Each structure stands twice: as C-alpha cells, then as structure tokens.
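To start, the structure under review is shown below, and the notes come after it.
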Amino acid sequence: MVQKPELRCFPLGIQQKNIVVTSNYEARKYGIRKCMLVSDALKVCPNLKLINGEDLHDYRAASNKIFTVLQTFKCPVEKLGMDENFIDVTNIVQERIKNVNLKSITVSGHLYTESNAECVCGCHARLKVASQIASEMRHKIYDELGFTTCAGIAHNKLLAKLICPLNKPNDQTTIYPEHGVSFMSTLQSVRSIPSIGSKTTEALISQKIITVRDLQEVSIEVLKKHFSSDMAVRLKNLSVGEDNTPIKQTGRPQSIGLEDSFKTVSVKSEVEEKFQALLQRLLILVREDGRIPVSLRVTLRKKDVKRLSSHRESRQCQVSPSIFTINNGTLTVTDSGRQKLMSIIMRLFNKLIDLSKPFHLTLVGLAFTKFQERMTGRGSIVNYLMNDISVQSVLNITNDCDTSASSMDYSAASPSSSTTTDLSDGEVEPSPKKPKKGTWIAKRRCLSKEEVASPSKLKVGELRLNSKELEKVSELRLNSRDRSLTPRASPAKDNLSDTSDTTKDAADSKCDICPSYVDKEVFNALPEEMQQELKAMWKNPSSSGVRSSPRTLNKAKPNTLLKYFVPNK
47 MVQKPELRCF PLGIQQKNIV VTSNYEARKY GIRKCMLVSD ALKVCPNLKL
97 INGEDLHDYR AASNKIFTVL QTFKCPVEKL GMDENFIDVT NIVQERIKNV
147 NLKSITVSGH LYTESNAECV CGCHARLKVA SQIASEMRHK IYDELGFTTC
197 AGIAHNKLLA KLICPLNKPN DQTTIYPEHG VSFMSTLQSV RSIPSIGSKT
247 TEALISQKII TVRDLQEVSI EVLKKHFSSD MAVRLKNLSV GEDNTPIKQT
297 GRPQSIGLED SFKTVSVKSE VEEKFQALLQ RLLILVREDG RIPVSLRVTL
347 RKKDVKRLSS HRESRQCQVS PSIFTINNGT LTVTDSGRQK LMSIIMRLFN
397 KLIDLSKPFH LTLVGLAFTK FQERMTGRGS IVNYLMNDIS VQSVLNITND
447 CDTSASSMDY SAASPSSSTT TDLSDGEVEP SPKKPKKGTW IAKRRCLSKE
497 EVASPSKLKV GELRLNSKEL EKVSELRLNS RDRSLTPRAS PAKDNLSDTS
547 DTTKDAADSK CDICPSYVDK EVFNALPEEM QQELKAMWKN PSSSGVRSSP
597 RTLNKAKPNT LLKYFVPNK
C-alpha cells in the first residue's frame, strides 16, 4: 500500500507461486483467506489485484525500518516474525507516572472491559500510561514510514498478542489483568494460544479438551497423566492468561537465508540456475546487513517418488572472507567472488546428490550462517593503522620485490589511493578465546595480490600510527630510535671532520663511567637529571639494587607497534 497507494481501495492479494499468502481488508470482504489457491481466490473475487510477493526483500526492509523506529524509544524490543514486535515499556511508564495526575489518566484507544473495582496496586494507571506510549509509537511509525499499525496493551506477552487484533485495523486495545480469564475463555480452540502447537492440540483434543474453557476447567492432575508436570502447569497458566516469559531484546540475526520451492527439478543445470537467482538476492541481504559471512549452507528438499514423501538435507562449509570487499563503505562481491561462491555451492550440491542416479528436488535454499564484525573501534588494531597521520618513518616497510635486500631492509611505500579494502580472515581481530600468535608479519618477499588482502600481509608502509592517542609517545620513541639507529663512525672507513671528532670526544667524556653495554650516544641524548641519576646508580649499584652485569640486567622493552611486525627467518 505504501509503494502503490493507488491500490488502497481495491481488493489486493499477495501471491507466492499459486497461493494467495495474504490480502488486504477489501479482499477479505469477498471471502479471500490466507493461503488460498489463486484459482479459488479469483473465482470468489474476479477483480482481485495480485502482486508477486515471492521476493521478501521489501518486506524485510520495511520490518527493519519499523524495528528501528521502535528502538528510538530506548526500551527492549523483541521481534516476532516479520510484522510483529513485543515491546517492554515498563521503565518508560515508571518515569512518566511520577509526573502525572493518576486520576486524569485515560486509556488511549479501546479498553476490553471497563473495571468497576478499584485498583490498589496501580496496574490500571500503568496500563493507561502504556496505552498512551503505544499510541505515540504507532503515530511515529505512520508519520515516518506511512504504515498503519495495531497494538495490544497488557501486563504480559500472551494477553498483549491475543488482544492486539481485536480492533484491527489501525487501532489498539488495552486489557486489565483481572479480565484475562474471561477473555481467554472466549477463544474457541486451544490452538489459538501461542506456543501450543499441532501435536499438543491433538493430544488435548484426544482428551476432549477442545476450547480454552475446557482447558480452564480440567484439573491439573488429569493433564499430568498425559503431559509432564511442567507442561501441565504451563498449559493451565496459559489457559487463564498467565505468562511470565520476559521480553528479550532482539539482536542481529545469526543466519541470513533464502529458499525457493517448486514442483520438481531433476536436471543439474536447472538447479544451478535456481542457486544463481537465490545467491543474487542473498548477496543483497548480506550487503544491507554489513557483516562478513564466513560460512555457507546449502539446503535441498528431496522428493521420494516411490514413497510420495520428501525430506530436507543440508551441507555447509567455511567461505573465505576475502571473497567480500568493502567499496566506499559498502560490502560487495566481485564477479570472481560470485564465481567462487557458486563453485562452493555446486560442490556442496554434488555432495548431497548422487548425480549417477535420478533425483527430484522440490526446494533449494541458501544461507550464510556465521558472520564476522569488522573491528573498527578504539580497541582494535585498525584504530592504530590509519592513513591520515604522517608518522611514516615508524612503519618504513614495503612489499616491493627486492632480491638483493636482506630480511631487515625496508623501504618506504606511497599511500594507496584505492577505496576498496579486501577482507580476509585476518582482518577481523582474533577472538580472545583463540589467540593467534605471530599474525602480524612484515614479509620481505613479494606477495601475490590475494595474499596482500590479509592484514598479516598488508603493505604496512601504507599505514600510519593514530596520533590521537600515541602522539606524544610516538614523538619520544621516534627521537630515541633515530639516535639509536645512527651509524657509528669508523676511522678506518670514513674520513671524519675535526668537528665530529670533537663531538665524539665530548660524548665520551660525559659518560666516562658508563658500563660497557650502554650506548653513549643514547645516554647523552637523555635529560641532564636522568644522566645524573643513572651515574649515581652505577657508582653505588648495591644501594640501588641495580646489577651492572649486562647478562643479568633486565631492560624494559618499549611497547611499540613494531614488535608485532617481525621479519621472516
């Protein structure tokens, strides 16, 4: 209706294959029901407008937008399917109820039944405030997204869900706790209670328990003869509208998948076409999710022609995160990456199907089941490797091929102008449960294009230190490192000027009591007060507790980024 408002006043059905999966209220006036055959629906309503709803991308996007709007109220939101959400507004109610006159509060929308009894616990006032919050949420969804919604307001999830459709469409209903039993008794079937499935319903019907009133009246001892003790207690509680399950904040999905069902497919080429279509749609969902998939699952539903039955089988395997790239901040897959994924899919298919024998499939499915987050926070290594600070001399390493250079010879590399970042297993920081030793290695030898994608094989010469946190420390270490790496003069090889000789003599005189393992030039670069303190320690090592032996001296090693980049041996 939002995408095509011109169809709002017409009977409209959403078609998947040969079934009308849902319809609008105009179509329902003609008798259109959910999961009705298209042929039967057109007989009942010849002017029914049908829209293909096999691709659920737009529905998922709309569901996520509604979920995002609800999250702006800063309260737990639990998704239930694609078009329902449980919302716990307890904290918001407690804050608002402090600043309002309880006698002036009214219910927003409909009230299931007026209550003449005086509420001493305050639940009526809290539910009235909750109804006003629900109205605000519904209006915000309509104003920002254009979707009409309905709501049910109650003290638990069970009653809220069941009371919600009572005044559809585009309205809301509130029910007080004391009316839960009477409301539940109006339900004609025990199957109407959420969490009671078909098996439990069959078991109850076998005991002549058909309606919810029947379930209310049966004793718990009778139920315990056919169900476990816990199940019997839960059934009795549900029958009177009691439900203590909490609302859990919905996180990001642990899997993203798509399926396509059909009558039958018996040719490998047709199966491959089905997989290609699914993969194209699935990659769109992964791009919108933003996480890096690392596992792929293939699902098939095989049809047994002899037994006239079908069953599902699945296979999954790991996929390299380097298949996915970040281009202008968007997760994408190149054509070669798609080919790699298709080869993985068909390899899994070949493991599931014996191609030497006839096969009949009625469904194929693809899903990414595991994901990695790109670590870009302050605590990640990416925060220390940035392209905007000029501290290039610290990471003076390149990937250039140079057979004449030794393993410790590094040369500078210019920053890359490419906006595409190739991701691999190494880019996502290793889990603390499974530390990876020696991940960051600066290689002297030439790397292939694929290898450079991994952070353990990056051109680290193109990376810079983040000076926002390490500016002062980096400056001190740079000065110290430059002095310590200065080549020492050799009179046998170099012609030094008189000035250099004089400077060296002055340096030697300043450190006349330095131990043999101390670099005099580094010592002379230290502040004067630090030099005096070190001299005092060397003169009287027993009082300071410092041993002068170079073998037993434990020198503190600076914690610099370079210690993570060691040459290959």
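With this note's numbering applied, the sequence shown covers 47 to 615.
Note that the Cβ used here is the ideal one computed from N, Cα and C, for glycine as well.
Here the structure is a predicted model, which is why all the values come from computation and not from measurement.
At least 9 Å separates the beta-carbon of Val90 from that of Tyr71. The region 306-322 and the region 388-408 touch, with no fewer than 3 CB-CB distances between them shorter than 8 Å.
Runs of the beta strand (DSSP E) lying entirely within the region 57-120, each at least 3 residues long, are 58-62, 65-69 and 95-98 in chain order.
Rounded to the nearest angstrom, the Cβ distance from Leu148 to Thr220 is 16 Å, too far for a contact under 8 Å. Runs of the beta strand (DSSP E) lying entirely within the region 154-227 and spanning at least 3 residues, in chain order: 197-199 and 218-220.
The three-state reading of DSSP puts Val236 in helix, counting H, G and I together. Leaving aside the five residues that flank Lys186 on each side, the residues in its chain whose CB is nearer than 7 Å to its CB run, in chain order, Val115.
Across the structure, Leu53 and Leu328 are spaced so that their CA atoms are roughly 29 Å apart. Per DSSP, Arg393 is one residue of the alpha helix (DSSP H) stretching across Asp381 to Leu398.
Judged by DSSP in its simplified three-state form, Val365 adopts coil rather than helix or strand. For the options Leu412, Thr378 and Asn213, the alpha carbon positioned closest to that of Arg347 is the one of Leu412. Under DSSP, Lys349 takes part in a beta bridge, and its partners are Ser356.
For Gly336, the closest alpha carbon among the candidates Asp350, Lys416 and Asn131 is that of Lys416. In the three-state DSSP reduction, Lys309 falls in the strand class (E or B).
Cβ neighbours of Ala73 within its own chain (closer than 7 Å, five residues either side excluded): Pro57, Leu58, Gly59, Cys91 and Leu94. When secondary structure is reduced to three states using DSSP, Ser275 falls in the helix class. For Thr152, the secondary structure class from DSSP, reduced to helix, strand or coil, is coil. The alpha carbon of Gly303 has as its nearest neighbour, out of Gln253, Ile239, Leu331 and Ala171, the alpha carbon of Leu331. DSSP, reduced to helix, strand and coil, places Lys416 within a strand of the structure shown. Non-local C-beta neighbours of Lys174 in its own chain, meaning closer than 7 Å and more than five positions away in sequence, comprise Ile151, Thr152 and Val153, ordered along the chain. Per the C-alpha coordinates, the member of Val268, Thr118 and Lys111 positioned closest to Phe193 is Lys111.
Distance from the Cα of Gln234 is smallest, within the candidate group Ser241, Arg79, Gln218 and Ile255, for Ile255.
For Lys294, there is no enclosing beta strand (DSSP E), as DSSP marks it with neither H nor E.
Sixteen is the threshold: since fewer than 16 other Cβ atoms of the shown chains lie within 10 Å of the Cβ of Leu83, the residue is exposed. Residue state for Asn374 is assigned as coil, using DSSP reduced to three classes.
The beta-carbon separation of Pro367 and Ile338, rounded to 5 Å, stays under the 8 Å limit for a contact.
Taking a cut-off of 8 Å on C-beta distances, the region 253-267 touches the region 281-291, as three or more cross pairs fall below it. The residue from Glu100, Val146, Lys50 and Arg184 with its alpha-carbon nearest to that of Glu130 is Arg184. Under the three-state reduction of DSSP output, Pro404 falls in the coil class, being neither helix nor strand.
Our two residues, Thr68 and Thr246, have alpha carbons roughly 26 Å apart in a direct line. Between Phe229 and the set Phe414, Ile242, Gln218 and Leu212, the nearest pair of CA atoms involves Leu212.
Taking the Cα of Glu319 as reference, the smallest distance to any Cα among Ala171, Val264, Met392 and His103 is reached at Met392. Per DSSP, Asn131 is one residue of the beta strand (DSSP E) stretching across Glu130 to Ile133.
Within the DSSP bridge table, the entry for Lys245 names no partner. According to DSSP, Pro122 shares a beta bridge with no other residue.
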